[in-house]
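These notes concern the structure reproduced below.
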Amino acid sequence: MQFIVGSKEEFIDFINNIKPYDNVAILTHTDLDGIASGIFLEKILQSKNIPVKLLRFGDYKNDVLTKLSPKLKHEKISKLFILDMAIDSLAFEDFEKLRKEVDIFLIDHHPKNPLLKDFKHIIKAETSNCAAQVINYLGKHFTDFKDEEWFLIPTMISEFSFKNKENIKLIQKSFPNINENNIFESEPGKIYEIIIYGIIYHNDSLNKVYDLIKNKELKSIEKYYKIIKEEINKEIDNLWKKAEFYEDKNLYFYFFKPKHRVKSIISTMVSLQKPDCSFIIATEEGSKNYLNVSARNQSIKTDMNQLMKKGIEGLKDANGGGHVAAAGARFLKKDLNKFKENLLR
(Lines of atoms letter the chains of each structure in order from A and count residues from 1; the text may use other names and numbers.)
(Lines give C-alpha, C1' and ligand atoms only; values in the text may rest on other atoms or scores of the structure.)
Protein backbone atom coordinates (compact mmCIF):
# COMPACT_ATOMS: atom_id res chain seq x y z
CA MET A 1 0.00 0.00 0.00
CA GLN A 2 1.35 3.40 -1.03
CA PHE A 3 0.90 6.51 1.09
CA ILE A 4 0.74 10.19 0.14
CA VAL A 5 2.56 11.00 3.36
CA GLY A 6 4.34 8.73 5.84
CA SER A 7 5.43 5.10 5.84
CA LYS A 8 4.82 1.72 7.42
CA GLU A 9 8.32 1.83 8.91
CA GLU A 10 7.57 5.08 10.72
CA PHE A 11 4.46 3.54 12.27
CA ILE A 12 6.36 0.41 13.35
CA ASP A 13 9.10 2.54 14.94
CA PHE A 14 6.51 4.64 16.78
CA ILE A 15 4.81 1.56 18.23
CA ASN A 16 8.11 -0.06 19.17
CA ASN A 17 9.26 3.08 20.97
CA ILE A 18 6.26 3.31 23.29
CA LYS A 19 7.67 2.79 26.78
CA PRO A 20 6.05 1.15 29.83
CA TYR A 21 5.75 4.57 31.48
CA ASP A 22 3.88 6.08 28.49
CA ASN A 23 0.14 6.69 28.76
CA VAL A 24 -1.60 6.06 25.45
CA ALA A 25 -4.84 7.57 24.13
CA ILE A 26 -6.86 7.15 20.94
CA LEU A 27 -9.04 9.83 19.34
CA THR A 28 -11.02 8.40 16.46
CA HIS A 29 -13.95 9.40 14.25
CA THR A 30 -17.54 8.60 15.14
CA ASP A 31 -18.36 6.60 12.00
CA LEU A 32 -17.75 2.91 11.20
CA ASP A 33 -14.33 3.63 9.72
CA GLY A 34 -13.31 5.42 12.90
CA ILE A 35 -14.66 2.71 15.17
CA ALA A 36 -13.07 -0.09 13.13
CA SER A 37 -9.79 1.84 13.09
CA GLY A 38 -9.85 2.08 16.87
CA ILE A 39 -10.48 -1.65 17.26
CA PHE A 40 -7.65 -2.56 14.89
CA LEU A 41 -5.23 -0.18 16.61
CA GLU A 42 -6.20 -1.43 20.06
CA LYS A 43 -5.44 -5.00 18.89
CA ILE A 44 -2.00 -3.86 17.68
CA LEU A 45 -1.26 -2.20 21.01
CA GLN A 46 -2.46 -5.25 22.94
CA SER A 47 0.01 -7.40 20.98
CA LYS A 48 2.74 -5.25 22.54
CA ASN A 49 1.10 -5.25 26.00
CA ILE A 50 0.35 -1.54 25.68
CA PRO A 51 -2.91 -0.55 27.41
CA VAL A 52 -5.14 2.21 26.05
CA LYS A 53 -5.74 4.59 28.94
CA LEU A 54 -8.18 6.84 27.09
CA LEU A 55 -10.47 6.21 24.11
CA ARG A 56 -12.47 9.11 22.70
CA PHE A 57 -14.68 9.54 19.65
CA GLY A 58 -14.48 12.88 17.86
CA ASP A 59 -16.91 14.52 15.48
CA TYR A 60 -16.06 17.27 13.03
CA LYS A 61 -16.17 20.23 15.39
CA ASN A 62 -13.57 22.99 15.53
CA ASP A 63 -13.11 22.61 19.28
CA VAL A 64 -12.54 18.84 19.34
CA LEU A 65 -8.90 19.19 20.47
CA THR A 66 -9.62 22.12 22.77
CA LYS A 67 -12.12 19.98 24.67
CA LEU A 68 -9.87 16.92 24.65
CA SER A 69 -6.70 18.67 25.84
CA PRO A 70 -7.63 19.00 29.57
CA LYS A 71 -8.50 15.29 29.68
CA LEU A 72 -5.14 14.41 28.12
CA LYS A 73 -3.37 16.45 30.79
CA HIS A 74 -5.43 14.94 33.60
CA GLU A 75 -4.63 11.40 32.43
CA LYS A 76 -0.98 12.35 31.79
CA ILE A 77 -1.23 11.15 28.18
CA SER A 78 2.14 11.09 26.41
CA LYS A 79 1.15 9.28 23.18
CA LEU A 80 -1.98 10.11 21.20
CA PHE A 81 -3.22 8.36 18.07
CA ILE A 82 -5.70 10.31 15.94
CA LEU A 83 -7.54 8.13 13.45
CA ASP A 84 -9.76 8.85 10.43
CA MET A 85 -9.95 12.57 11.16
CA ALA A 86 -8.69 15.38 8.95
CA ILE A 87 -7.53 17.11 12.09
CA ASP A 88 -4.85 19.00 10.15
CA SER A 89 -7.65 20.80 8.30
CA LEU A 90 -10.35 20.78 10.97
CA ALA A 91 -8.27 22.32 13.76
CA PHE A 92 -4.86 23.11 12.29
CA GLU A 93 -3.65 25.58 14.92
CA ASP A 94 -4.85 23.44 17.83
CA PHE A 95 -3.26 20.37 16.20
CA GLU A 96 0.10 22.10 15.81
CA LYS A 97 -0.05 23.35 19.40
CA LEU A 98 -0.94 19.93 20.81
CA ARG A 99 1.88 18.27 18.85
CA LYS A 100 4.30 20.28 21.00
CA GLU A 101 2.74 18.90 24.18
CA VAL A 102 1.93 15.28 23.24
CA ASP A 103 3.56 12.81 20.85
CA ILE A 104 0.82 12.42 18.21
CA PHE A 105 0.52 9.90 15.38
CA LEU A 106 -2.16 10.74 12.79
CA ILE A 107 -3.52 8.09 10.41
CA ASP A 108 -6.04 9.46 7.92
CA HIS A 109 -7.31 9.23 4.35
CA HIS A 110 -8.62 12.77 3.85
CA PRO A 111 -6.75 15.36 1.74
CA LYS A 112 -3.87 16.98 3.62
CA ASN A 113 -3.94 20.62 4.58
CA PRO A 114 -1.60 22.68 2.32
CA LEU A 115 -0.53 24.60 5.44
CA LEU A 116 0.87 21.43 6.98
CA LYS A 117 4.67 21.41 6.68
CA ASP A 118 5.78 19.00 9.42
CA PHE A 119 4.82 15.46 8.36
CA LYS A 120 6.50 13.64 11.24
CA HIS A 121 4.28 10.85 12.60
CA ILE A 122 1.61 11.39 9.96
CA ILE A 123 0.27 8.85 7.48
CA LYS A 124 -2.06 10.12 4.79
CA ALA A 125 -3.48 7.46 2.48
CA GLU A 126 -5.36 7.78 -0.78
CA THR A 127 -8.96 8.75 -0.11
CA SER A 128 -10.19 5.40 -1.52
CA ASN A 129 -8.23 3.47 1.12
CA CYS A 130 -10.23 3.86 4.32
CA ALA A 131 -8.42 4.39 7.61
CA ALA A 132 -9.37 0.94 8.97
CA GLN A 133 -7.90 -0.68 5.86
CA VAL A 134 -4.68 1.28 6.37
CA ILE A 135 -4.37 0.30 10.04
CA ASN A 136 -5.17 -3.33 9.21
CA TYR A 137 -2.31 -3.26 6.70
CA LEU A 138 0.09 -1.55 9.13
CA GLY A 139 -0.81 -3.84 11.99
CA LYS A 140 -0.07 -7.13 10.29
CA HIS A 141 3.57 -6.55 11.19
CA PHE A 142 2.54 -7.06 14.84
CA THR A 143 -0.50 -9.33 14.90
CA ASP A 144 -3.17 -11.12 12.88
CA PHE A 145 -6.74 -9.90 12.68
CA LYS A 146 -8.54 -13.21 12.21
CA ASP A 147 -11.14 -12.27 14.85
CA GLU A 148 -11.67 -8.79 13.35
CA GLU A 149 -11.52 -9.39 9.60
CA TRP A 150 -15.31 -9.87 9.46
CA PHE A 151 -15.95 -6.13 9.71
CA LEU A 152 -13.13 -4.89 7.44
CA ILE A 153 -15.04 -5.33 4.17
CA PRO A 154 -18.26 -3.79 5.61
CA THR A 155 -16.11 -0.83 6.66
CA MET A 156 -14.62 -0.57 3.16
CA ILE A 157 -18.17 -0.60 1.79
CA SER A 158 -19.16 2.22 4.16
CA GLU A 159 -16.34 4.37 2.73
CA PHE A 160 -16.93 3.35 -0.91
CA SER A 161 -13.40 1.94 -1.03
CA PHE A 162 -14.68 -0.57 -3.59
CA LYS A 163 -14.61 2.20 -6.20
CA ASN A 164 -10.86 1.58 -6.30
CA LYS A 165 -10.07 -1.28 -8.72
CA GLU A 166 -7.49 -2.84 -6.41
CA ASN A 167 -9.91 -2.76 -3.50
CA ILE A 168 -12.77 -4.42 -5.37
CA LYS A 169 -10.32 -7.17 -6.37
CA LEU A 170 -9.35 -7.55 -2.72
CA ILE A 171 -13.02 -7.85 -1.74
CA GLN A 172 -13.65 -10.38 -4.52
CA LYS A 173 -10.99 -12.69 -3.06
CA SER A 174 -13.41 -13.33 -0.19
CA PHE A 175 -16.65 -12.77 -2.12
CA PRO A 176 -16.08 -13.64 -5.81
CA ASN A 177 -19.63 -12.75 -6.89
CA ILE A 178 -19.52 -9.19 -5.56
CA ASN A 179 -19.36 -6.25 -7.96
CA GLU A 180 -20.08 -2.53 -7.69
CA ASN A 181 -23.71 -3.05 -8.66
CA ASN A 182 -24.62 -5.66 -6.06
CA ILE A 183 -22.25 -4.91 -3.20
CA PHE A 184 -24.88 -3.34 -0.93
CA GLU A 185 -27.10 -6.43 -1.30
CA SER A 186 -24.20 -8.79 -0.54
CA GLU A 187 -23.45 -10.46 2.81
CA PRO A 188 -20.87 -7.83 3.89
CA GLY A 189 -23.19 -5.14 2.49
CA LYS A 190 -25.95 -6.27 4.85
CA ILE A 191 -23.49 -6.40 7.77
CA TYR A 192 -22.42 -2.84 6.93
CA GLU A 193 -26.05 -1.69 7.07
CA ILE A 194 -26.73 -3.40 10.41
CA ILE A 195 -23.60 -1.93 12.00
CA ILE A 196 -24.21 1.56 10.60
CA TYR A 197 -27.75 1.61 12.00
CA GLY A 198 -26.41 0.46 15.37
CA ILE A 199 -23.87 3.29 15.36
CA ILE A 200 -26.60 5.79 14.52
CA TYR A 201 -28.78 4.51 17.37
CA HIS A 202 -25.92 4.59 19.87
CA ASN A 203 -24.46 7.90 18.72
CA ASP A 204 -24.41 9.26 22.27
CA SER A 205 -22.86 6.08 23.70
CA LEU A 206 -20.38 4.94 21.05
CA ASN A 207 -18.29 2.99 23.55
CA LYS A 208 -21.18 0.54 23.76
CA VAL A 209 -21.39 -0.15 20.03
CA TYR A 210 -17.57 -0.17 19.87
CA ASP A 211 -17.54 -3.04 22.37
CA LEU A 212 -20.38 -4.85 20.59
CA ILE A 213 -18.47 -4.78 17.30
CA LYS A 214 -15.21 -5.75 19.00
CA ASN A 215 -16.93 -8.74 20.62
CA LYS A 216 -18.77 -9.69 17.39
CA GLU A 217 -22.19 -9.27 18.99
CA LEU A 218 -23.97 -8.57 15.72
CA LYS A 219 -27.33 -9.82 17.03
CA SER A 220 -27.23 -7.22 19.80
CA ILE A 221 -26.63 -4.50 17.20
CA GLU A 222 -29.29 -5.80 14.81
CA LYS A 223 -32.19 -5.17 17.19
CA TYR A 224 -31.92 -1.43 16.48
CA TYR A 225 -32.11 -1.94 12.72
CA LYS A 226 -35.89 -1.56 12.33
CA ILE A 227 -36.08 1.65 14.39
CA ILE A 228 -33.45 3.42 12.30
CA LYS A 229 -34.65 1.95 9.00
CA GLU A 230 -38.15 3.35 9.53
CA GLU A 231 -36.82 6.84 10.26
CA ILE A 232 -34.57 6.74 7.20
CA ASN A 233 -37.38 5.62 4.88
CA LYS A 234 -39.69 8.32 6.23
CA GLU A 235 -37.15 11.09 5.71
CA ILE A 236 -36.20 9.92 2.22
CA ASP A 237 -39.88 10.12 1.26
CA ASN A 238 -40.03 13.63 2.73
CA LEU A 239 -36.86 14.65 0.92
CA TRP A 240 -38.23 13.82 -2.51
CA LYS A 241 -41.38 15.80 -1.68
CA LYS A 242 -39.90 18.82 0.09
CA ALA A 243 -36.26 19.31 -0.95
CA GLU A 244 -35.27 22.47 -2.81
CA PHE A 245 -33.91 21.63 -6.25
CA TYR A 246 -31.58 24.03 -8.08
CA GLU A 247 -31.67 22.87 -11.67
CA ASP A 248 -28.72 24.94 -12.91
CA LYS A 249 -26.49 23.30 -10.27
CA ASN A 250 -28.23 19.92 -10.40
CA LEU A 251 -28.33 20.22 -6.62
CA TYR A 252 -30.84 19.19 -3.96
CA PHE A 253 -30.94 20.98 -0.61
CA TYR A 254 -32.92 19.51 2.28
CA PHE A 255 -33.22 20.53 5.92
CA PHE A 256 -34.88 18.45 8.62
CA LYS A 257 -34.74 17.74 12.36
CA PRO A 258 -33.97 14.05 12.88
CA LYS A 259 -34.58 11.94 15.96
CA HIS A 260 -31.32 10.08 15.29
CA ARG A 261 -28.24 11.09 13.29
CA VAL A 262 -29.42 9.75 9.95
CA LYS A 263 -28.41 12.58 7.62
CA SER A 264 -25.19 10.94 6.42
CA ILE A 265 -26.77 7.60 5.50
CA ILE A 266 -29.71 9.39 3.87
CA SER A 267 -27.41 11.55 1.75
CA THR A 268 -25.56 8.42 0.66
CA MET A 269 -28.74 6.50 -0.20
CA VAL A 270 -30.38 9.27 -2.24
CA SER A 271 -27.13 10.06 -4.04
CA LEU A 272 -26.92 6.44 -5.15
CA GLN A 273 -30.39 6.83 -6.64
CA LYS A 274 -29.34 9.97 -8.55
CA PRO A 275 -25.53 9.77 -8.85
CA ASP A 276 -25.21 12.80 -11.16
CA CYS A 277 -26.89 15.11 -8.64
CA SER A 278 -25.39 16.84 -5.63
CA PHE A 279 -27.22 16.42 -2.33
CA ILE A 280 -26.77 18.87 0.54
CA ILE A 281 -28.60 17.71 3.66
CA ALA A 282 -28.62 19.92 6.74
CA THR A 283 -29.80 19.09 10.26
CA GLU A 284 -29.79 20.37 13.80
CA GLU A 285 -27.71 17.99 15.92
CA GLY A 286 -26.51 18.62 19.44
CA SER A 287 -26.30 22.38 19.83
CA LYS A 288 -29.32 24.18 18.39
CA ASN A 289 -27.04 27.07 17.41
CA TYR A 290 -25.32 24.99 14.73
CA LEU A 291 -26.27 23.15 11.58
CA ASN A 292 -24.46 20.05 10.36
CA VAL A 293 -24.34 19.24 6.66
CA SER A 294 -23.75 16.03 4.75
CA ALA A 295 -22.87 16.45 1.06
CA ARG A 296 -22.77 13.76 -1.63
CA ASN A 297 -22.17 13.44 -5.37
CA GLN A 298 -21.48 9.87 -6.49
CA SER A 299 -20.51 10.83 -10.04
CA ILE A 300 -17.72 13.10 -8.62
CA LYS A 301 -18.61 15.60 -11.36
CA THR A 302 -18.84 18.14 -8.54
CA ASP A 303 -16.18 18.07 -5.83
CA MET A 304 -17.98 17.95 -2.48
CA ASN A 305 -14.80 18.73 -0.55
CA GLN A 306 -14.31 21.98 -2.44
CA LEU A 307 -18.04 22.75 -2.43
CA MET A 308 -18.17 22.57 1.38
CA LYS A 309 -15.09 24.78 1.67
CA LYS A 310 -16.78 27.23 -0.69
CA GLY A 311 -19.98 27.06 1.37
CA ILE A 312 -18.30 28.15 4.61
CA GLU A 313 -16.27 31.00 3.09
CA GLY A 314 -16.60 34.08 5.29
CA LEU A 315 -18.55 32.25 8.00
CA LYS A 316 -17.44 32.55 11.61
CA ASP A 317 -16.80 29.39 13.64
CA ALA A 318 -17.41 27.07 10.68
CA ASN A 319 -15.61 24.11 9.18
CA GLY A 320 -16.08 21.98 6.10
CA GLY A 321 -14.41 19.48 3.82
CA GLY A 322 -13.91 15.78 3.25
CA HIS A 323 -13.66 13.72 0.08
CA VAL A 324 -14.57 14.47 -3.55
CA ALA A 325 -17.71 12.31 -3.44
CA ALA A 326 -18.61 12.80 0.21
CA ALA A 327 -17.99 15.72 2.54
CA GLY A 328 -19.54 17.68 5.37
CA ALA A 329 -19.75 21.06 7.03
CA ARG A 330 -20.75 22.68 10.30
CA PHE A 331 -21.70 26.32 10.79
CA LEU A 332 -23.86 28.64 12.85
CA LYS A 333 -27.57 28.28 12.13
CA LYS A 334 -27.91 32.02 11.56
CA ASP A 335 -25.54 31.69 8.58
CA LEU A 336 -27.68 29.21 6.64
CA ASN A 337 -28.69 31.67 3.93
CA LYS A 338 -25.10 32.81 3.43
CA PHE A 339 -23.98 29.17 3.22
CA LYS A 340 -26.56 28.50 0.50
CA GLU A 341 -25.59 31.68 -1.36
CA ASN A 342 -21.97 30.54 -1.36
CA LEU A 343 -22.94 27.13 -2.73
CA LEU A 344 -25.05 28.55 -5.53
CA ARG A 345 -22.89 31.42 -6.69
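With my numbering, you'll find the sequence shown wraps up at 1695, consecutive numbering, no jumps.
Idealized CB from N, CA, C, for every residue including glycine.
Treat the numbers as computed from the prediction; the structure is a model and nothing was measured.
Rounded to the nearest angstrom, the Cβ distance from Asp1409 to Glu1509 is 17 Å, too far for a contact under 8 Å. Between Ala1481 and Asp1434 a beta carbon distance of about 4 Å is seen, short of the 8 Å cut, so the two are scored as contacting. Inter-segment contact for the segment 1671 to 1683 and the segment 1634 to 1646 is present: three or more beta-carbon pairs are separated by less than 8 Å. Between Ser1617 and Ser1649, the C-beta spacing is not below 8 Å. With respect to the 8 Å criterion, His1471 and Ile1485 are not classified as neighbours on the basis of their beta carbons.
Counting C-beta pairs with one atom in each stretch, the segment 1536 to 1554 and the segment 1495 to 1513 have three or more that are closer than 8 Å, which means they touch. Excluding sequence positions up to five before and after Gly1664, its CB lies within less than 8 Å of the CB of Lys1688 and Asn1692, all in the same chain and listed in chain order. Going by beta carbons, Tyr1560 and Ile1385 fall inside the 8 Å limit. Every unbroken stretch of the alpha helix (DSSP H) spanning 4 or more residues and falling wholly within the segment 1398 to 1447 is given here in chain order: 1414 to 1424 and 1437 to 1440. Cβ neighbours of Leu1556 within its own chain (closer than 8 Å, five residues either side excluded): Thr1380, Ile1385, Phe1407 and Ile1549. Taken in chain order, no unbroken stretch of beta strand (DSSP E) lies wholly in the segment 1504 to 1539 with a span of 3 residues or more. Counting only runs of 4+ residues, the alpha helix (DSSP H) found wholly inside the segment 1358 to 1396 occupies 1358 to 1366, in chain order. Counting along the chain, Ser1644 sits inside the beta strand (DSSP E) bounded by residues Tyr1640 to Arg1646. As far as DSSP is concerned, Lys1490 takes part in no beta bridge.
Closest in C-alpha terms to Asp1626, from the list Asn1600, Glu1634, Val1674 and Leu1430, comes Asn1600.
Taking each of Ser1397, Phe1442 and Phe1361 in turn and checking the Cα distance to Asp1494, the smallest one comes out for Ser1397.
Taking a cut-off of 8 Å for Cβ pairs, the segment 1571 to 1589 and the segment 1516 to 1524 do not touch, as fewer than three such pairs fall below it.
Secondary structure at Ala1676: strand, using DSSP grouped into helix, strand and coil.
In terms of Cβ geometry, Gly1671 and Ala1436 form a close pair [threshold 8 Å].
When the Cα atoms are used, His1491 and Ile1528 turn out to be separated by approximately 29 Å.
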